[in-house]
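Reviewing the structure listed below.
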Amino acid sequence: MRVRSTLGALTSIAVACAVWEGFARSGFVAPALAPSLEAIGAAFVRMVLSGTLLRHTLYTLYRVLFGFVLAGAVGVPIGILMGRFRRVERFFGPLVSVLMPIPSLAWVPVFILWFGLGNAATIALVFYAATFPVIVNTWTGVRSVNRLWIRSAEAMGADERALFHKVVLPGALPFVIAGLRQSFARAWIAVVGGEMIAATSWGLGWVIFDSKEFLRTDVMMASLAAIGMIGLAFERLVFGTFERRTVGRWGMVKAVRG
Amino acid sequence: MRRALVPFAEAAFPFVVVGILWQAFALFGPFPPKLFPQVQTIFAAFIRLTASGILPVHALSTILRLILGFLIGAVAGVAFGIAMGRYRLAENLLLPIISLGNPIPGLAYAPLFVIWFGLGNVPAVLLVGFASAFPIVLNTWTGVKAIKEIWIRAAESLGARDRQLFWKIVLPGALPYILTGLRIGVARAWRVLVAVEMLTSVRLGLGWLIFGAREFLNTDVMLAGIAVIGIVGLALEKLVFQKLEALTVVRWGMMEQ
Chain V
35 MRVRSTLGAL TSIAVACAVW EGFARSGFVA PALAPSLEAI GAAFVRMVLS
85 GTLLRHTLYT LYRVLFGFVL AGAVGVPIGI LMGRFRRVER FFGPLVSVLM
135 PIPSLAWVPV FILWFGLGNA ATIALVFYAA TFPVIVNTWT GVRSVNRLWI
185 RSAEAMGADE RALFHKVVLP GALPFVIAGL RQSFARAWIA VVGGEMIAAT
235 SWGLGWVIFD SKEFLRTDVM MASLAAIGMI GLAFERLVFG TFERRTVGRW
285 GMVKAVRG
Chain U
-7 MRRALVPFAE AAFPFVVVGI LWQAFALFGP FPPKLFPQVQ TIFAAFIRLT
43 ASGILPVHAL STILRLILGF LIGAVAGVAF GIAMGRYRLA ENLLLPIISL
93 GNPIPGLAYA PLFVIWFGLG NVPAVLLVGF ASAFPIVLNT WTGVKAIKEI
143 WIRAAESLGA RDRQLFWKIV LPGALPYILT GLRIGVARAW RVLVAVEMLT
193 SVRLGLGWLI FGAREFLNTD VMLAGIAVIG IVGLALEKLV FQKLEALTVV
243 RWGMMEQ
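Here the protein sequences line up with chains V and U, keeping their order.
Quick note: the first sequence, position 112, residue 146 per my numbering, numbers continuous.
Quick note: the second sequence, position 187, residue 179 per my numbering, numbers continuous.
As structure tokens, then:
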């Protein structure tokens, strides 16, 4: 079954490649606008070998992880407090629902003015983008912890602290992980967009935007591929593994996709 | 009278606190007032720009672009999603490509779209459609797959033809998922649109307004623009989609509010 689905995926990608190649070589558009797969592959290999791709990736990862960890460190506690205490919920609830629909990238010009061009503005942007999904999901998770579990723990004499560590936190974890996942996806979007606008000199978003100036479509496509692969790797490997090791193993989530 | 006031005051309280903090930071913080304007300055800019018609015009052109782009994304997304859910070949062919394309931020394609379609409205609208199509395809596909086999068999044994099967069973059955997909799609479209307006230099639009205001250090205009973006986003979520859900799937008893 697994082999078959891999085979199917490969066929599909091969078909897509063939269509692209036909389009690129048909002469409808200039080769500078739609480079052939060979050119994209060559650009990719060249960038890997010269180390520039690695350096761009490291810069981007540094920014995204810094902002993302900060968002988790702020968002999870706020979400837990909102789920546990009515007052906190009443205070932060309206703020979150007003701030969340504002696209993080709308803040870029403001952040550039406040923090200057470069790392600080991009990290602030990632932080803004990633915090709200964490808060909302953690909050929902804490509220949806089975009342019966809390009551039975209390009946067995659990104090506030044990209740929190043994029941509330593990009970809310599937939601927290879902929130972190969602917020990483948003952070990834924000970092690429932020790098394009808050121009620095390194970063995957920056290199795509910069290659536009020189019509280096092959470099753009190669960097796009890198962005897609890293995003997919985080989604599948990091979060997928974490989910399997914790809530999947505890039997709280049934279908954990690999 | 008092009863009506209490929840209002409760909802307003956090904003008042944030306003006071903002004001204190503007007055005593490290930033010069040009970079971190006081609350009344932002408010005045908001009123001034609304009265002179600048904000409404920008907001309107952004919303028009959103509607156009989202329509493209929604039609393409639902069509592909249903095809993938119903036909094995379409599923095998498209699913891997779409799951690869989904995690790539839509905005990353912006420079490519600019090279292909030039500056202005065309790449902005197309990119919005492109970015919003992914979650719509995936949700529609899941929805079609999640339709109970027994409904289809029951309809077939009652003599439903292919067309009736589609209109009476498949489409309504998949609708809760499709609506979720459209909701995620419109949120994505909104995010991409604001950013892409900064990059493709459209003539009118909220993203462009904010980005242009930076050149002149008009922080108050930028923050007023952000406020409008937030209001429109909130309105999309609360008014449009919750209504749509209440009128369809909740009413049919397929989903709880």
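Even for Gly, the Cβ is constructed at its ideal location relative to N, Cα and C.
These figures come from a predicted structure and were not determined experimentally.
- Counting C-beta atoms within 10 angstroms of its own C-beta, His50/U has 16 or more neighbours from the protein chains shown and is therefore classed as buried.
- Look at Tyr79/U here: in three-state DSSP terms it is coil, with no helix or strand label.
- Identification of residues in the segment 195 to 207 of chain U having a C-beta nearer than 8 Å to some C-beta of chain V yields Leu198, Gly199, Ile202, Phe203, Ala205, Arg206, given in sequence order.
- The beta carbon of Val144/V falls within 7 Å of a beta carbon belonging to chain U, placing the residue at that interface.
- Three or more beta-carbon pairs drawn from the segment 36 to 51 of chain U and the segment 214 to 231 of chain U are found closer than 8 Å, and the two stretches are therefore classed as touching.
- Counting the other CB atoms within 10 Å of its CB gives Ala212/V a total of 16 or more, which places it among the buried residues.
- Gln216/V carries a helical assignment under DSSP once its states are collapsed to helix, strand and coil.
- In this structure, the straight-line span from the alpha carbon of Trp14/U to that of Gln32/U is close to 11 Å.
- Within the segment -1 to 33 of chain U, those residues whose Cβ lies closer than 8 Å to any Cβ of chain V are, in chain order, Glu2, Ala3, Phe5, Pro6, Phe7, Val9, Val10, Phe23, Leu27, Phe28.
- Rounded to the nearest angstrom, the Cβ distance from Ser257/V to Leu238/V is 5 Å, consistent with a contact under 8 Å.
- Taking a Cβ-Cβ threshold of 8 Å, the residues of chain V close to Asn84/U are Gly42, Thr45, Ser46, in chain order.
- Close CB contacts of Leu196/U within its chain, under the 7 Å cut and outside five residues either way in sequence, are with Val49, His50, Ser53 (chain order).
- Between Leu197/V and Ala189/V, the CB-CB gap reaches or exceeds 7 Å.
- Contact note: Leu111/U does not reach chain V at a C-beta cutoff of 7 Å; the least C-beta distance is about 11 Å.
- By the Cβ neighbour-count rule, Pro25/U is exposed, with fewer than 16 other Cβ atoms within 10 Å of its own.
- Setting aside the 5 residues that flank it on each side, Ala163/V is surrounded in the same chain by Ser138, Arg220, Ala221, Ala224, each with a C-beta closer than 6 Å to its C-beta; the list follows chain order.
- Distance from the CA of Ile146/V to the CA of Ala232/V, rounded to the nearest whole angstrom, comes to 7 Å.
- Judged by pairs of C-beta atoms under 8 Å, the segment 100 to 112 of chain V does not touch the segment 260 to 280 of chain V, as fewer than three such pairs exist.
- In chain order, Pro143, Val144 make up the part of chain V whose C-beta sits under 7 Å from the C-beta of Met214/U.
- In this structure, Val201/V is the residue among Ile114/V, Val201/V, Val170/V, Asp252/V with its C-alpha nearest to the C-alpha of Leu182/V.
- A residue is called buried when at least 16 other Cβ atoms come within 10 angstroms of its Cβ; Phe125/V meets this threshold and is buried.
- For Thr172/V, the enclosing alpha helix (DSSP H) begins and ends at 153 to 177.
- Of the residues assessed, Trp182/U falls on the buried side of the cut-off, its CB having 16 or more other CB atoms within 10 angstroms.
- Within its own chain, the residues whose Cβ lies closer than 8 Å to the Cβ of Phe276/V, once the five positions on either side in sequence are excluded, are Ile211, listed in chain order.
- Rounded to the nearest angstrom, the gap between the Cα atoms of Glu207/U and Pro95/U is 33 Å.
- At a cut-off of 7 Å between beta carbons, Phe125/V contacts chain U.
- About 37 Å separates the beta carbons of Ile47/V and Ile221/U, which is beyond the 8 Å limit, so they are not a contact pair.
- For Leu41/U, the enclosing alpha helix (DSSP H) starts and ends at 31 to 43.
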